[in-house]
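So the protein sequences, as listed, match chains R and D. Note that this note's numbering has the first sequence beginning at 378, numbered continuously upward. Note that this note's numbering has the second sequence beginning at 16, numbered continuously upward. Where is the CB? At the ideal position from N, CA and C, for every residue including glycine. Inspection log for the structure reproduced underneath, given as structure tokens.
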Amino acid sequence: MVQQRWVLLAFILPTLLFYTYFFLMPVTSTLIDSFHEWDGISDKVFIFLENYITLLQDPIFYKSLVNTLYWVVLVIVLQIPIGFFLAYFIYQKIKGFKFLRTVYFIPVITSSVAISLAFSFIYEANFGILNSLLKLVGLDHLTTAWLTDPITAMTAVSLPFVFNYIGLMMVILFAGLQSIPDELIEAGEIDGVNALQKIIYIILPSVRNVLFICLVLGISYAFKQFDYVLLLTNGGPVHLTEVTGTYMYKQGFSQSNYGYGNAIAVTMMGIVIVITLVINKVLKPKD
Amino acid sequence: MYKEKSIFCFLLVVFSTLMIAGCSPGGETNEENAGNAQNSDSAVNLRVLHSFSGSQPQAPVIEPALEEFDEEHSDVTLDIQTAPGNDILEQLRTEMSAGDPPDVFTHWGMRRVQNYIENGLLPDLSESIEADSDMEDRYIEDAYNPVEYQGGIYGLPFQGYSYYLLINPELFEEHGVEVPTTYEELVTAVEQFNDAGLIPFAANNHSARYMMLTWFAQKNDTDSLIKYATAEEPFGEDLRDAADKVAELSAMGAFPEGYQSLETAQSFELFRQGQAPMFYQHSWTAGEIDPEMEDQYEVIPFPLGDQASTPTTIAGTGHFIYMSKEAYEDPEKREAAWELMKKIAGPEVGRKFVEEIPNPTALNVEYDPAEVSPVMNQIMDFIENDENVVPSYDEQLFSQDVEDDYWSMTDQLLQQDLTPEQYVEEMNALIEEYPSVQFE
């Protein structure tokens, strides 16, 4: 028994050390720094909650938060539903489904830089594929500068992110679909359910727990993402496409305002935790 | 049983020690390694960080110069690190924050190094400059201006800059448009090019800002620009008029669709492809012009804002080479770093800047006009002979904190989120909060 405890400790300790050093310590340091005014070079000045008070009065932060929440909405209305239908499609075991599964997953393993570059070629106002295509089919009046037009900019910069993670959602949901007992579906079919009823009354309730995982993952990715914005618009023009991640990065690394950047990071972490708790409460996984 | 426990304990201690040692800050280890390297071959090891690599137009001059220095000095070993273009900003800031600055590095002027100077991370080089006879008359007038801070000089200049208006005369001729010499004529030209289905200016947000600065500078000399930057005088009508002009041009479609998110190289592509007849930009872009096309372009004076305006060229020194305080305090490193700085900010590199890149230089050097591209010859002619040659607020004079905010504020003006009047008010408020203290 004593020997077992030593073995357990031996296995736990490395992980615990890693966790402490690479997670707990940075998080604690971020929290402490958020109470300081610090440019990364001069001495830190303790200002307690001043960064948070400034944050609450900062219109750019609110703008970036709204933009980030827009990404969350896109996760719910586009990323997960499309991921689900792709998963359901290959779940039908149509011919070549293994190939399709690989194809759908490719964007997940493609670097965000490559995806951004591809989308920048699509959106470019003067030479871009999208505007050229619209002109080709006589829809000149619909052409616009997709990444700077206030109406289209935020959606345009969000789509690469949606595209990037659809494959991940599909794989998770596909795994969930495979765990549904065949008997359950067969019983429904004997009872005469149509295709839509089958999805709504049998499939979706059966993958409820998996949907919950997808939702939590999607929301945390939405809050963490900033590379697409940084690469496509750098948050501009005039913070139109700013998200909390880019705003935090700019405050820290471009404007040497590390204390304020850390306050943004802590606030974001708090928001994600609250959202996750709410989702957990609403969609509490059932055994 | 006891033996097993001992083995487990031993392994855990070893693992923990290794992990903590591996994760500890590397500064001391690097220094020790550097020291060992020095001891082993008695060479001074200099870590150099610069931004002129890859496809940067200056790379073909700076990189060979560094290699040449390395070969010429057997007693010095260069450890060269690069962060192309603007990447050097974050790279240097991180290294400075970590207390592990490079010994020698290239960077912009006061707008990017004020913080380092105020925190004592860069040494005052005035004494070294005074004591070195090579430095006499080496640079153009006011070349040190962007690295002077409260009486000290903190870097050596090597790259100059200028804004230039490049036109494609063939397109003007083809569409029967007069080359504009005043703002009114420019507005007419913009309307005519718009009617002809061309984009009048191959521009991005930087071009628009440079245009505003030029109209403003046409009514000011360097001394008055400094007065505004130090909040000695508030901005007024001149800035409002300049802001009004550029906002009007933006509203009338003088710039490409989505110009605010265009990279400079992308905007130049519009000019190169004949989709736009005018291009107003920073002189580093002259290195991007296809040599075979140079004869087809012409550099013209920037149109005068009104009758009170003076023909003006915005020009100055924009890039500098610095030594870290740590290198300065080590006599051996200081000597080696100083020699390297003199090499990069020296006449040979200066001449090559004009003849080979091409780009204006901060140095008083003779160059052969026959070796210089036609466009650069015209740019240099404006720098040397224009009535009013003043520095750009984009490159110098403003404090670092103003620099951080005024670009996005100008974007707001171009986006019509701010009226020219509001823009002037906001600029005055910003400068009031962060006046330049460089000249105190």
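Straight-line Cα distance separating residue j from residue i
i, j, result
"Y179/D", "I590/R", "57 angstroms"
"P362/D", "G333/D", "17 angstroms"
"A52/D", "M226/D", "The pLDDT assigned to A52/D is 44, lower than 50, so where the model puts this residue is not dependable; a value taken from the coordinates is nonetheless given after this. Going from the Cα of A52/D to the Cα of M226/D covers about 51 angstroms."
"E43/D", "A58/D", "Model confidence at E43/D stands at a pLDDT of 41, short of 50, so the residue's coordinates are unreliable and nothing is read from them."
"P558/R", "G473/R", "23 angstroms"
"L429/D", "P271/D", "13 angstroms"
"Q71/D", "M625/R", "29 angstroms"
"D238/D", "E248/D", "11 angstroms"
"V456/D", "F187/D", "Residue 456/D lies beyond the residue range present for chain D, which begins at 16 and ends at 455; the question has no answer from this structure."
"L573/R", "E560/R", "18 angstroms"
"W383/R", "F395/R", "19 angstroms"
"G331/D", "G302/D", "18 angstroms"
"V449/R", "I596/R", "6 angstroms"
"S631/R", "L104/D", "8 angstroms"
"I359/D", "S282/D", "31 angstroms"
"I656/R", "S583/R", "18 angstroms"
"L654/R", "Q165/D", "55 angstroms"
"L545/R", "G460/R", "8 angstroms"
"E145/D", "G289/D", "50 angstroms"
"Y154/D", "E110/D", "30 angstroms"
"N209/D", "P326/D", "26 angstroms"
"Y481/R", "L433/R", "41 angstroms"
"T231/D", "G212/D", "Residue identity differs from the one stated: residue 231/D is Phe in this sequence, not Thr. Approximately 30 angstroms between the Cα atoms of the pair."
"S55/D", "A351/D", "Low confidence applies here, because S55/D scores a pLDDT of 46, under 50, leaving its location unreliable; read the following figure in that light. Approximately 18 angstroms, taken between the alpha carbons."
"R224/D", "L660/R", "52 angstroms"
"F368/D", "P375/D", "7 angstroms"
"E619/R", "A217/D", "26 angstroms"
Residues sharing a beta bridge with residue i, DSSP
i, result
"F551/R", "Its beta-bridge partners do not exist; DSSP assigns none."
"T328/D", "V404/D"
"Y179/D", "Q296/D"
"T314/D", "It is Val, not Thr, that sits at residue 314/D in the sequence shown. In DSSP, V314/D forms a bridge with L181/D."
"H413/R", "F423/R"
"T197/D", "L319/D"
"Y337/D", "F120/D"
"G167/D", "Y164/D"
"L378/D", "Y154/D"
"Q174/D", "H334/D, T376/D"
Nearest residue (CA-CA) to residue i, options the options
i, options, result
"N60/D", "Q415/D, K348/D, D409/D", "K348/D"
"F600/R", "Q632/R, T529/R, T621/R, I543/R", "T621/R"
"P450/D", "V76/D, A246/D, E83/D, E185/D", "A246/D"
"K658/R", "V593/R, L608/R, Y626/R, P614/R", "V593/R"
"M395/D", "S423/D, T328/D, M338/D, F120/D", "T328/D"
"D426/D", "Y396/R, Y624/R, P614/R", "P614/R"
"L228/D", "S407/D, N209/D, E151/D", "S407/D"
"E341/D", "P116/D, W422/D, A74/D, D85/D", "P116/D"
"G629/R", "D419/D, Y164/D, A257/D", "D419/D"
"P484/R", "I543/R, Y605/R, L588/R", "I543/R"
"L617/R", "M267/D, F250/D, G273/D", "G273/D"
"V539/R", "L408/R, M646/R, Y605/R", "Y605/R"
"S556/R", "S489/R, I579/R, G460/R", "I579/R"
"S222/D", "I182/D, N183/D, F294/D", "F294/D"
"E142/D", "E151/D, N134/D, L136/D", "E151/D"
"W422/D", "D139/D, E206/D, N220/D", "N220/D"
"L494/R", "S633/R, I652/R, L609/R", "L609/R"
"M531/R", "M547/R, V548/R, L607/R, T479/R", "L607/R"
"F397/D", "T325/D, V314/D, E448/D", "V314/D"
"G114/D", "G69/D, N392/D, N134/D, F250/D", "N134/D"
"K357/D", "D236/D, A80/D, A385/D", "A80/D"
Residue i Cβ short of 7 angstroms to the ligand ZN heavy atom set
i, result
"E350/D", "This structure simply doesn't include the ligand ZN, nor any ligand for that matter."
Stretch pair the stretch 62 to 69 of chain D + the stretch 77 to 96 of chain D: three plus CB contacts closer than 8 angstroms: yes
Counting only runs that start and end within the stretch 52 to 128 of chain D, where is the alpha helix (DSSP H) found for 4 or more residues in a row? 74 to 87, 102 to 112
Would you call the stretch 514 to 523 of chain R and the stretch 446 to 459 of chain R touching, i.e. three or more CB-CB distances under 8 angstroms? no
Entirely enclosed alpha helix (DSSP H) segments - the stretch 208 to 261 of chain D, minimum 4 residues: 220 to 232, 237 to 244
Taking 8 angstroms as the cut-off, does the stretch 413 to 427 of chain D touch the stretch 113 to 130 of chain D (at least 3 CB pairs, one atom from each stretch)? yes
Determine, using beta-carbon pairs with one atom in the stretch 377 to 387 of chain D and one in the stretch 302 to 314 of chain D, whether at least three such pairs fall under 8 angstroms. no
Quick test of the definition: if touching needs 3 or more C-beta pairs under 8 angstroms, does the stretch 168 to 179 of chain D touch the stretch 191 to 199 of chain D? no
Please confirm if the stretch 436 to 446 of chain D is in contact with the stretch 248 to 261 of chain D, defined as three or more CB-CB distances below 8 angstroms between the two stretches. yes
Should the stretch 637 to 647 of chain R be called in touch with the stretch 419 to 431 of chain R, which here means at least 3 C-beta pairs below 8 angstroms? yes
Within the stretch 446 to 527 of chain R, note down every full beta strand (DSSP E) run reaching 3 residues or more, in order along the chain. none
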